[in-house]
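Okay, so here's the structure we're looking at.
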Amino acid sequence: MASLTTPLDLILGPDQARAFLHARAQELSQLDHLPGTVALRLVHRGALRGDPLVLAQERQTWTLRADTDPDDAPAHRLCVHARLTCPPRVLVTDPDDPMGETDELLIEVLEMYQLATWYPLPAIGDKSAPRLQPSGSTGTQDVPARRAELIAAGRCPNCQWLTYQCNCADHPDA
8 MASLTTPLDL ILGPDQARAF LHARAQELSQ LDHLPGTVAL RLVHRGALRG DPLVLAQERQ
68 TWTLRADTDP DDAPAHRLCV HARLTCPPRV LVTDPDDPMG ETDELLIEVL EMYQLATWYP
128 LPAIGDKSAP RLQPSGSTGT QDVPARRAEL IAAGRCPNCQ WLTYQCNCAD HPDA
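Each number in the numbering used here corresponds to the 1-based position in the sequence shown with 7 added.
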């Protein structure tokens, strides 16, 4: 099957988008006992439609679609912290809410939104992968010092979320 260009390519880059879509297709193939080519075709179609069942993953920000009434939505933007199953749902926060409360929503709620940004975790040992810089950071601070600073502030050094909201497997409290 020829590789299709998806909006995900613009957000992640073509290599990471392709890897994600193939992993999601393999997952779908195993869960639903589908042939690999059928699962890949379904995943690509879902990605082209912006289907949250295909795309939703931790470390994403989703923004309200222009055709959605803001009164019908929980927030203008949602940050996904975790994807849960049975039934498919997500743990989200509103980045504009100063309280930072986490909500558990059915994944269908994200159909009112479109994927805006995504900061996937780099592959282990990938020195070329870009590292996230916290807001206001110049990127010149050395990594161990920044890691210690985040841990002291009660934040995960990988994603910068509060540790009790973090879903990373390798933050200091894991």
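Ideal Cβ positions, reconstructed from N, Cα and C, are used throughout, including at glycine.
On a predicted model such as this, the values are computed, not experimentally measured, just so you know.
The three-state reading of DSSP puts L41 in coil, since its state is none of H, G, I, E or B. For D78, no alpha helix (DSSP H) run applies, since DSSP gives it neither H nor E. Inter-residue distance for L38 and T92 is about 12 Å (C-alpha atoms, whole angstroms).
The beta carbons of V99 and E111 sit closer together than 9 Å. In the structure shown, Q121 adopts extended strand secondary structure according to DSSP, grouped into three states. Sequence-distant partners of G20 (beyond 5 residues in either direction) whose C-beta falls short of 6 Å from its own C-beta are missing from its chain.
Annotated three-state conformation of Q64 is coil, per DSSP. In the DSSP assignment, D74 falls outside any alpha helix (DSSP H), carrying neither H nor E. In the structure shown, the three-state DSSP call for H29 is helix. At the C-beta level, Q67 and L122 come within 9 Å of one another. Per DSSP, reduced to three states, the secondary structure at H83 is coil, with no helix or strand assignment.
Beta-bridge analysis with DSSP links E111 to L98.
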